[in-house]
DNA sequence: AATGAATGAGCGTTCATTCAT
DNA sequence: AATGAATGAACGCTCATTCAT
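Here it is as structure tokens:
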């Protein structure tokens, strides 16, 4: 994250790409592409550099090591997502609708960038240690958001009280996650966001208090 | 030529040597242990061999390459699981109960062997290609089993017809899967099977036809 | 020092060199040659391997890392020297003669293997840390030997008591050491052992009690 | 063109830029500090630049390459030392006293700047080639000074004629050198100059003609 | 079938040096 | 004169795989 002060601005003399330091971003994008294609451990830093159009050594001007590239990519994606999610959820009040909105965002975000989706769904879990650390640092916030919505719903009497909020959040996230993985692995092209309603429907029905008999 | 009868069945993952041999199994167990501990890419074949008590070269008498060890381990775990699942499900008729029974088995199987769980939940996803191939070859059967139960439920009028059986299966599997991942990553020790009822409850309620108003 | 059990014996089928594990020694010799030529930091392991006639990776079968090669070479040279020194000194009683004998051995040992001499005189001192550790582990024994001879001389009244044994040992070693360095750096070829008498003469005179006036 | 007058004298080790510049000196000091701490090969130019408070590239305005920094640092230290030595020796006539004075200066100079001492005693010897070139260019003068004193002593009949002046100089220098190395490596703090008398005593006694019996 | 020494391609990373500004 | 981002060659080391025994 030690983003070197970009030497100023893009000059004219540079063929094709802008000179200076959207290089950070170029490396990040290249990394996601190469990792998505080959997996983290089969993604040589040299290939990432090549795709980013920089020298091997340049990568290390922007990232401490290979792992940090992946970390940075994931962190950014998640931070962006959470920020957007929190913002959009402010305009929705009903817990059911909030879960629905969140699922749409989840799907839209990943559908918009399939390579990123591959990385998040698959490469993220290369090793227990990596995932564990990651989960604790970033994913936990997403979970907390989900749990807070469910809790709110329970307090309002919209969701059943006899469902552990933690378990419900797990099921909700797990269902979304599996849908994405399924989509990522599928050869057939289909709209992921279009699935949101069905999924949320199923889960919300599972959680809601019966409109009593 | 004192070739000791190389015992029968050879699957794709198993060349020249005996699949049933005791060494075969020892290598498999060692592989799961080492991979669970360090991750697939940080699991040297030499360490697997060491733990299995065989020479490095011996591993290659039983497996074509490193990837095939992981493949074989997973294949066996899944085959065993599916076999047992099919058997146990024969004694249950009600679709809801069948889903419940399946979830219990899912959790029990993995809770009984945490190392295997780590491998299945995490190491499985080293690369999109790997996972894709794996999914298509083995996981698809599990999915088909789940889907057939749901379909049966729909046909009997126990589950709503307006839920895509495919999506429902995804949600069901995703929820279970996330519960397991959560359990694997958790430091606190708790009973995974004990969670089965709550999870199935949530999902079954989401799928069932309302006991009409 | 983890010398792999050499797989048995030299077979006939091997062209030129013996098959198996004087490889350890070959690598050591190659290392000394390459380091003497280029200096430790400019001595690629790959060149050492090449000169030893083994693959790069093989080096690491015999040595934990590059530093350990240098360490092993030096340790062996010093151990051999000290062993021989102690043995030969048993046959000499007079302290003055013992110092003389030791100096001869010192010079002979290094003159017999100029490359080793280069390594010991020069490469040994690449870094303060390296040298410090080395001195404390190996050189200290040599110093102790020298000091014990001087002390003995003092006790017998052959050497002056008003000279710190430690300082005298430093001067003695320093003089020998400088002679060797001088010889190593000199382009002109001359006999190092031939210098021994003159050097020892100077130092012994400096230490001896005057045959009283 | 606002070229600030690039001040006069340029030696071999100093290209384009000013040798007398303040930055030049800052780089030199930084280099000695960093090299003393980490060794020449583990002393990144970037760290030297950082410590000197200049940009990486600036270093190359003052020095042709990394080696030249070390060269220049050593050259300056030796030049300064020799200049001072020659001056101080003008006030001493007796060869024995001159050797004593020289040893004191030797020890004082290095004791006054431990980092420089580390560099001179240890880092100087990174490679036979480096040391050889260095010896021939700078150290030789020091040796000549020592030899001239000894020769003078011999001519005056103070020192024995049967000692090669060259060997005697080697022993003298070697003894001093070893004392310094010993001091540099020692953890215990002690006064190096305090050792001068004892060392010189030993050597001078070794060289002097007996006050005849 | 079993061994394990040997291989060598491949990788992550460092750092002296350059050069456009 | 001064900068510091960029370069890319070079290196130490690992490890999947082979093969002579």
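Residue numbers (our numbering), protein chains in the order written: chain Z, 1338 to 1550; chain D, 1338 to 1550; chain C, 1338 to 1550; chain H, 1338 to 1550. Glycine included, every Cβ here is placed at the ideal spot set by N, Cα and C. Since the structure is predicted, the reported quantities are computational estimates derived from the model, not experimental observations.
*For residue 1376/D, collect the residues of the same chain with a Cβ closer than 7 angstroms to its Cβ; drop the 5 residues on either side in sequence, then sort them by chain order.*
1460
*Could you give the DSSP three-state label for residue 1545/Z: helix, strand or coil?*
strand
*Which stretch, first to last residue, makes up the alpha helix (DSSP H) that contains residue 1300/C?*
Because chain C is modelled from 1338 through 1550, residue 1300/C falls outside the range shown and cannot be assessed.
*Would DSSP call residue 1400/H helix, strand or coil?*
coil
*Assuming residue 1540/H contacts residue 1509/H under a Cβ cut-off of 8 angstroms, what Cβ separation, rounded to an integer in Å, is found between them?*
5 angstroms
*Which of the residues in the segment 1490 to 1501 of chain Z, read from start to end, lie with their CB under 9 angstroms from any CB of chain D?*
1497, 1499, 1500 and 1501
*Taking the alpha-carbon positions, what's the residue 1400/D to residue 1406/D distance?*
6 angstroms
_Taking contact to mean 3 or more Cβ pairs, one atom from each stretch, closer than 8 angstroms, check whether the segment 1518 to 1529 of chain C and the segment 1432 to 1450 of chain C are in contact._
yes
*Exposed or buried, which one is residue 1416/H when buried takes at least 16 other CB atoms within 10 Å?*
exposed
*Can you grab the Cα-Cα spacing for the pair residue 1392/H / residue 1388/Z, in whole Å?*
30 angstroms
_Near-chain Z residues of the segment 1536 to 1548 of chain D - C-beta to any C-beta below 8 angstroms_ = 1536, 1538, 1539, 1540, 1541, 1542, 1543, 1544, 1547 and 1548
*Are at least three pairs of beta-carbons, each pair with one atom in the segment 1490 to 1499 of chain D and one in the segment 1478 to 1495 of chain Z, less than 8 angstroms apart?*
no
_With a threshold of 8 angstroms between beta carbons, is residue 1514/H in contact with chain C?_
yes
*Could you tell me which chain C residues have their CB closer than 9 angstroms to the CB of residue 1455/H, listed as they occur along the chain?*
1465
*Looking at chain D, which residues of the segment 1469 to 1480 of chain Z have a Cβ within less than 8 angstroms of any of its Cβ atoms?*
1469 and 1472
*Of all Cβ atoms in chain C, is any one closer than 8 angstroms to the Cβ of residue 1408/H?*
no
*asked:* If distances are taken between C-alpha atoms only, which option among 1384/D, 1374/D, 1395/D and 1502/D comes closest to residue 1359/D?
replied: 1395/D
*Which two residues bound the contiguous alpha helix (DSSP H) that contains residue 1514/H?*
1502 to 1522
*Could you tell me whether the segment 1512 to 1526 of chain D touches the segment 1408 to 1426 of chain D, using the rule of 3 or more Cβ pairs below 8 angstroms?*
no
_Proximal residues to residue 1363/D (C-beta, below 8 angstroms), its chain only, five neighbours per side dropped_ = 1389, 1390 and 1391
*Which residues of chain H have a Cβ atom closer than 9 angstroms to the Cβ of residue 1378/C, listed in chain order?*
1376, 1377, 1378, 1379, 1463 and 1464
*When burial is assigned at 16 or more other CB atoms within 10 Å of the CB, is residue 1473/D buried or exposed?*
exposed
*Buried or exposed: residue 1515/C, going by 16 or more other Cβ atoms within 10 Å of its Cβ?*
buried
*Please report the residue range of the alpha helix (DSSP H) in which residue 1526/H lies.*
No alpha helix (DSSP H) contains residue 1526/H, which DSSP labels as neither H nor E.
_I'd like the list of long-range same chain contacts for residue 1471/Z, defined as Cβ closer than 6 angstroms, with 5 residues on each side in sequence excluded._
none
*asked:* Could you check whether residue 1441/Z and residue 1533/Z sit closer than 8 angstroms to each other, using their CB atoms as the reference points?
replied: yes
_Any C-beta of chain C within less than 7 angstroms: which residues of the segment 1391 to 1405 of chain H qualify?_
none
*Determine the chain C residues that contact residue 1450/H at a beta-carbon separation under 8 angstroms, and present them in chain order.*
Result: empty, since nearest Cβ-Cβ is about 15 angstroms, beyond 8 angstroms.
*Counting only the same chain and skipping the five closest in sequence on each side, list residues whose C-beta sits under 6 angstroms from that of residue 1453/Z.*
1369 and 1414
*asked:* For chain C, check one thing: does any of its Cβ atoms lie closer than 8 angstroms to the Cβ of residue 1504/H?
replied: yes
*asked:* Quick check on the burial criterion: 16 or more other C-beta atoms within 10 angstroms. Buried or exposed for residue 1481/C?
replied: exposed
_At a CB distance below 9 angstroms, what residues from the segment 1427 to 1444 of chain C approach chain H? Give them in sequence order._
none
_Delimiting residues of the alpha helix (DSSP H) encompassing residue 1432/H_ = 1432 to 1448
*Can you tell me where the alpha helix (DSSP H) with residue 1388/Z in it begins and where it stops?*
1382 to 1389
*asked:* Let's see if you can read the secondary structure: which residues bound the alpha helix (DSSP H) around residue 1465/Z?
replied: 1465 to 1471
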